[in-house]
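Start counting the sequence shown at 39; every next residue gets the next number (my numbering).
We put the beta carbon where it would ideally sit given N, CA and C, even for glycine.
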Amino acid sequence: MTIRRRRRLRELRRAAPFVLPFVLLFIVVYLIPTGYSIEQSLYTEKRSGLGLGGAETVFAGFGNYLRVFRDSAFVGSLGRVAFIGIIQVPVMLGLALFFALLLDSKVSVARRFFRVAYVLPYGLPGVIAALVWSFLYAPTLSPVTRLFASMGIHVSFVSDGALPFSIINILTWAWTGYNTILIFAALQAIPEEPLEAAAIDGCSGWKAALRIKVPLIRPALLLTLVFSIIGTFQLYNEPVTMKAVAPNLESTYTPMMAAMRSLSANDYNYAAAQSVVLGAVICVLSVLVFRFSARRVDE
Numbered sequence: 039m040t041i042r043r044r045r046r047l048r049e050l051r052r053a054a055p056f057v058l059p060f061v062l063l064f065i066v067v068y069l070i071p072t073g074y075s076i077e078q079s080l081y082t083e084k085r086s087g088l089g090l091g092g093a094e095t096v097f098a099g100f101g102n103y104l105r106v107f108r109d110s111a112f113v114g115s116l117g118r119v120a121f122i123g124i125i126q127v128p129v130m131l132g133l134a135l136f137f138a139l140l141l142d143s144k145v146s147v148a149r150r151f152f153r154v155a156y157v158l159p160y161g162l163p164g165v166i167a168a169l170v171w172s173f174l175y176a177p178t179l180s181p182v183t184r185l186f187a188s189m190g191i192h193v194s195f196v197s198d199g200a201l202p203f204s205i206i207n208i209l210t211w212a213w214t215g216y217n218t219i220l221i222f223a224a225l226q227a228i229p230e231e232p233l234e235a236a237a238i239d240g241c242s243g244w245k246a247a248l249r250i251k252v253p254l255i256r257p258a259l260l261l262t263l264v265f266s267i268i269g270t271f272q273l274y275n276e277p278v279t280m281k282a283v284a285p286n287l288e289s290t291y292t293p294m295m296a297a298m299r300s301l302s303a304n305d306y307n308y309a310a311a312q313s314v315v316l317g318a319v320i321c322v323l324s325v326l327v328f329r330f331s332a333r334r335v336d337e
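Okay, structure coming up:
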């Protein structure tokens, strides 16, 4: 046992210089702000003298969290991003997988060109992409709506019912290429032996892609799924930018927008509680995805 402990200590010492920078960055950037947010969410500000006196910070316990779950605007924003994610994430990852399999195909041509073409939308800042699409969605400026109007069809991309799908379109356009590259990198790491054995058994083309390649890149697909879920619940840039062409878009359309509105109203403790609840929802969903995936692998 002593020899094993010594070996472990040596391995830890060797690994420490490589791991320590990440650990320090993780603590400073993630753990400390998270702990501070949790602490602030347990307090609230009270004013005396009809609001004319100075603010006093008092311990509120779980009062802010009860307020969060009673806040129909915040709960509604969680429902909206969940609806967007249920539709957008499967569509985006399905397209990304399809494009990655095309790139990995032996008969594919101009791989370098399509790799660059797929990742270009992701290379644009999210705000710029949202501005471009906002121009295409604007009722009075959009060439698309004018084209439909010339045919006698009146279409609005910024109505209450169309807004989620307009945002879904922007997210899919911006992030499909990014996920395509991640999945393509995983496909490139697949060893040739299973594919050669499948070819000998007469399994090739799309049959081999679906039965051999896709199961072997399950970890990469799981990673892109978790990243996509996290990104969906952190949705902010696209709806905020679209407010210029969609005045009906609420300032609490997404949880991030709701928390930012609380911040702008100087309600910092309540904003901290909203952020903690949002982080908890993302963590729970991520854990559920990992557990479900592990269970499917065991079966």
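Exercise. Assuming residue 315 and residue 103 form a contact by the criterion Cβ under 8 Å, report the distance between their Cβ atoms to the nearest whole angstrom.
Key: Sure, about 7 Å apart at Cβ, within 8 Å.
Quiz item: Would you say the segment 169-183 touches the segment 241-261, given that touching needs at least three Cβ pairs under 8 Å?
Solution: The answer is no - the segment 241-261 does not touch the segment 169-183, with fewer than three Cβ pairs under 8 Å.
Quiz item: What are the partner residues of residue 95, as DSSP defines its beta bridges?
Solution: Residue 95 is bridged to 83.
Quiz item: What do you get for residue 110, buried or exposed, if any count of 16 or more other CB atoms within 10 angstroms of its CB means buried?
Solution: Exposed is the call here.
Quiz item: Cβ of residue 182 within 8 Å of Cβ of residue 279?
Solution: Not a contact, by the Cβ cut-off of 8 Å.
Quiz item: What does a CB cutoff of less than 6 Å around residue 349 pick up in its chain, not counting 5 residues either side in sequence?
Solution: This structure gives no information on residue 349, because the portion of the chain shown stretches from 39 to 337.
Quiz item: Taking the alpha-carbon positions, what's the residue 17 to residue 179 distance?
Solution: In the structure displayed, the chain extends from 39 to 337; residue 17 sits before or after that span and is not available.
Quiz item: Going by Cα to Cα distance, which pick from 238, 137, 325, 117 is closest to residue 154?
Solution: Ranking the options by Cα distance to residue 154, first place goes to 137.
Self-check item: Close beta carbons around residue 201, own chain, < 7 Å, minus the five adjacent residues each side
Solution: Listed in chain order, the non-local C-beta contacts of residue 201 below 7 Å within the same chain comprise 284, 287, local neighbours out to five positions each way being set aside.
Quiz item: Does the separation of the CB atoms of residue 206 and residue 125 fall below 8 Å?
Solution: A contact, by the Cβ cut-off of 8 Å.
Self-check item: Assigned exposure category for residue 291 - 16 Cβ within 10 Å defines buried
Solution: Flag for residue 291 reads buried.
Practice problem: Go through its chain and collect everything with a Cβ distance to residue 300's Cβ below 7 Å, but skip five positions before and after it. | Solution: Excluding positions up to five away in sequence, the list reads 308, 309, 312.
Quiz item: Does the Cβ-Cβ distance between residue 115 and residue 295 come in under 8 Å?
Solution: A contact, by the Cβ cut-off of 8 Å.
Exercise. Would you kindly report the start and end of the unbroken alpha helix (DSSP H) that includes residue 51?
Key: Secondary structure note for residue 51: its alpha helix (DSSP H) is the uninterrupted segment 40-64.
Quiz prompt | Among 230, 273, 260, 216, the one whose alpha carbon lies nearest that of residue 330 | solution = Cα-wise, what sits closest to residue 330 is 260.
Quiz item: Would residue 267 pass as a contact of residue 185 if the rule is Cβ separation under 8 Å?
Solution: Not closer than 8 Å, so no.
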